[in-house]
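I have placed the structure first, in the form of C-alpha cells, so that the comments after it can refer back to it.
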Amino acid sequence: MDLGVLLFALLLGLGANLFCMGACLPVLAPYVMGKARKSKGITGGARLGAWFTLGRLPLYLALGAAVALTGRGIMEGAALHATIAMRLALGAVLIAYGAVAAFGLKAPGPCAVLFRGNAFAVAAGFLVGSVACPPLAILLAELFLGGDPAAALAAVFVFWAASSVLTLAAAAASGGAAEAINRRWEKGRLREVSGWVLIMVGILQIWMVAMIFA
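Just so we're aligned, residue 41 is where the sequence shown starts under our numbering, counting upward by one.
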C-alpha cells in the first residue's frame, strides 16, 4: 500500500476540518444541545458527536470504493442526482425532528425508531456527508488515478478520521454549553429552541436544492 497516498489523505483530512465543521455544526450543535442533560455535558456531547461522525463513514467508504472500481462514472450525473436526493432527505428529516422537539410532539411510527437513541445522529451524519466537500473530491480524483480499491478504502478512512477532529471538539463544546444553559433555563426550553433551529436548517437545505432548478 502506498504510504504517500495515506499521508496525502491525512493532510487533506486535517485541512478539511474547518469545512467539515462548517457543514456539520448547523445540524450537530442544535441536536446535541437539544439532547443534552445536566449529567452529560461535554462527555455526552462528545458521544453524540462520535455517532454523528460515524454516520459519515459508510458514505465516504462507498465513494472511495466506487471511484477506484468504476472511475469517473461516480463523479458524473448519477452522483449529482444522489446528492440532491440526500439533501432533500436531510431537509425533511431535520424539519420532522425539529418539529417533534419544538412542539413536544410524539414521533409517529417509523420516525420514532429514527429519533430514538443514537439513530438520528448516525442518520444525520450520513446525510450531511453528502454535502460536496472539495478536499474529499481532490482525494477521490487521486484515488481514481490509482485504481486500487484497498488503498482507496484505507485512504478514505484516514481522511474521515482526520477531518472529524474539530467536529468532535465542537460537539463536546456544544454539550458543555448546553449543560450551562440548562442550569439557567426552565426545563425543556433549550430543547424547544434547538428544535426551531433544526427546522430552519432543514428549510434552508430544501431551499438550496430549489435554487439549483430555479
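Glycine is no exception: its CB is placed at the ideal position from the N, C-alpha and C atoms.
The model shown is predicted, which means the values in this text are computed figures rather than measured ones.
Your pair residue 208 and residue 105 does not check out as a contact, with CB atoms roughly 25 Å apart and the cut at 8 Å. With a cutoff of 8 Å on beta-carbon distance, residue 176 and residue 57 are scored as not near each other.
The beta carbon of residue 128 is closer than 7 Å to those of 246, 249 in its chain, skipping five residues each way along the sequence. Under the DSSP assignment, residue 226 falls outside any alpha helix (DSSP H); it carries neither an H nor an E label. Shown here for residue 166: same chain residues with a beta carbon closer than 7 Å to its own, the five before and five after excluded, namely 95, 96, 98, 99 in chain order.
The beta carbon of residue 210 sits closer than 6 Å to those of 61, 65, all from its chain and outside the five residues before and after it, given in chain order. If you draw a straight line from the Cα of residue 179 to the Cα of residue 146, it is about 42 Å long. The three-state reading of DSSP puts residue 74 in helix, counting H, G and I together. Taking all protein chains in view, the Cβ of residue 253 is surrounded by fewer than 16 other Cβ atoms within 10 Å, so the residue is classified as exposed.
Scanning 220, 230, 136 for the CA closest to the CA of residue 152 turns up 136.
Taking residue 81 as the centre and dropping the five residues before and after it, the same chain places the C-beta of 215, 216, 219 closer than 6 Å to its C-beta, in chain order.
Every alpha helix (DSSP H) stretch that sits fully inside the region 148 to 229 and reaches 4 residues is listed by chain position as 149 to 155, 159 to 168, 174 to 186, 189 to 203, 205 to 222. The criterion of a C-beta distance shorter than 8 Å is satisfied by residue 74 and residue 141.
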